[in-house]
Each structure stands twice: as C-alpha cells, then as structure tokens.
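S.K.: Please read through the structure below; I'll follow up with questions.
Numbering (our numbering), first residue to last: 189 to 379.
Put into structure tokens, the structure is as follows:
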C-alpha cells in the first residue's frame with residue numbers, strides 16, 4: 189500500500205510541477221512532460237504554445253507591430269510627393285529629410301510633427317510661378333510674404349478634406365518653401 193501511495197504522491201507532485209511550469213515557463217513544461225512521458229508530442233507542443241507565457245509574448249509582439257506600423261505611417265504619411273501634389277496642387281522636386289521632429293502625443297492621439305527638408309536641386313522658377321497663379325486665382329491655402337511661400341490646410345470635423353484625403357481624419361498640413369533656397373519645412377499632425 190505504501191508503494192501505491194508513494195506512486196500517487198509522485199504523480200500528483202509531477203502534475204503540480206507541470207501545471208506550475210505551464211503557467212510560468214512553458215518550455216520547462218514541455219521538457220518535463222517529455223521526460224516524465226506525459227502527453228504526446230503534439231499535445232505537449234500545443235499546450236506550450238497556448239500557455240499564458242506564450243500568450244503574453246504573442247500579445248507583446250502584436251502590440252509592438254501595431255505601434256511600429258502607426259509610427260511608420262505617421263512619419264512617412266506626408267513624405268509622398270504625389271500626396272503633397274494632390275493636397276497643394278503643386279509638384280515639388282525630389283527632396284530628402286534633413287531633420288524630423290516628432291511631437292508629443294496627447295491622450296486622444298493628437299500630435300504635431302515637423303520635417304526640415306532639402307531639395308535635390310534648386311527650386312525652379314516655374315514652381316513659384318505656379319504658386320503665384322494659385323494665389324491670384326483665389327486659392328485660400330497658399331500665402332506669399334516676400335520670398336517665403338506657405339501652404340496651410342486643416343480638415344476634418346466638418347471641414348472638407350483635400351483631394352485624396354478622408355473627411356473623417358482630423359488632420360492639418362503645412363508646407364513652407366523660400367525662393368532661392370534649397371530647403372523647406374513640412375508640418376503635419378492630427379487635431
């Protein structure tokens with residue numbers, strides 16, 4: 189009878205060890221279950237993969253991917269020259285980002301980011317002639333002050349969005365360029 193009790197006690201302790209290892213360190217669970225001949229290989233593997241530790245790892249990987257995608261989208265959203273042209277009605281020459289300033293997020297996701305950009309070639313006179321013609325024709329988003337040209341637009345919350353943008357997004361976009369300069373500034377964010 190002592191042998192029987194000892195056998196049941198050992199089995200019970202093994203079960204407790206398996207449950208504790210499954211809850212905390214599932215690879216240890218996999219190893220112990222294999223060593224003590226509990227469960228088949230597929231059952232051990234599935235149990236390990238759905239353990240709380242692995243579910244926590246899956247959650248962390250998923251949240252990291254979502255956060256990374258949101259930041260990537262935020263940083264690169266207005267660096268597309270086609271998008272800028274749709275919004276401003278002006279085609280900018282190729283440029284590269286010299287400095288990126290990431291603004292703080294508010295509790296509801298609002299932010300204000302800025303890019304200092306450098307154009308690959310001097311800005312052509314035809315670009316400024318195009319902007320001047322937009323200003324003369326009554327485009328309310330472009331302004332000129334001396335050699336400085338500024339575009340600023342807000343949309344969302346009932347304010348119509350520019351072509352290709354969603355009325356549901358509460359965004360703003362600003363562009364500043366200066367004649368005879370090869371640099372500019374893009375400011376954008378959500379409000």
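No residue lacks a Cβ here, since even glycine has one placed at the ideal position from N, Cα and C.
1) Is residue 225 helix, strand or coil by DSSP?
2) Please classify residue 233 as buried or exposed, where buried requires at least 16 neighbouring CB atoms within 10 angstroms.
3) On the CB-based measure, 16 or more other CB atoms within 10 Å of its CB, does residue 239 come out buried or exposed?
4) Starting from the C-beta of residue 197, find all residues in its chain whose C-beta is less than 6 Å away, skip the five residues before and the five after it, and write them out in chain order.
5) At the 8 Å Cβ level, is residue 339 part of the contact set with chain C, yes or no?
6) Quick one, which of 364, 368, 370, 376 has its alpha-carbon nearest residue 358's?
7) Does DSSP put residue 333 in a helix, in a strand, or in coil?
8) What do you get for residue 303, buried or exposed, if any count of 16 or more other CB atoms within 10 angstroms of its CB means buried?
M.R.: Inspection of the coordinates gives the following:
1) coil
2) exposed
3) buried
4) none
5) Structure shown: chain C not included; a single protein chain is present.
6) 376
7) strand
8) buried
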